[in-house]
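Accompanying notes for the structure given below.
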Amino acid sequence: MVKNIIYIVIVAVIGVPSWQIGTVMLEKKKTGYMLQEQANKIKKYDNPELIKKKVEENLELMGLPTKFSLKSLERRKIQLNYTYHGDATIFGYTYYQVEEEMEKITEDGEFDR
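Counting from 345, one number per residue, gives the positions in the sequence shown under our numbering.
Laid out in structure tokens, this is it:
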């Protein structure tokens, strides 16, 4: 009985925080990939307003704040700036916090040449 309680406490102390931190890290990476994908879609659609709308929709679906900036650098090249904020908390105590400025610019691919 005591042995099982000790196992549960160990899992709660190590497993739950690891899971929450992993979730924050994956969400940050997923957000970066989504922003880069949308920045590259300007080559296909050539409409910054459509890209802006898609980024807002995707951020809203992910449950993240939709505040970002879009800057047109030249024709079919844009820059997206977003501040990602994620944290892991347990019982009101924040033990892991990430705030990262993401800047994604339309990339040149092998088919663009």
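In this text, a Cβ means the ideal position worked out from N, Cα and C, and glycines have one as well.
Per DSSP, reduced to three states, the secondary structure at residue 348 is helical. In this structure, residue 424 sits near residue 379, with a CB-CB distance shorter than 8 Å. A straight-line Cα-Cα distance of about 33 Å links residue 383 and residue 438. In this structure, DSSP gives residue 400 a helical state, which the three-state scheme calls helix. Counting the other CB atoms within 10 Å of its CB gives residue 403 a total of 16 or more, which places it among the buried residues. Looking from the CA of residue 432, the closest CA among 362, 451 and 345 belongs to 362. In terms of CA proximity to residue 369, 442 leads the group 385, 395, 356 and 442. When 405, 398 and 385 are compared, the shortest CA-CA separation from residue 449 is found for 385. Partner residues in the beta bridge of residue 431, as assigned by DSSP, are 441. Boundaries of the beta strand (DSSP E) around residue 417: 412-418.
According to DSSP, residue 426 shares a beta bridge with 412 and 446.
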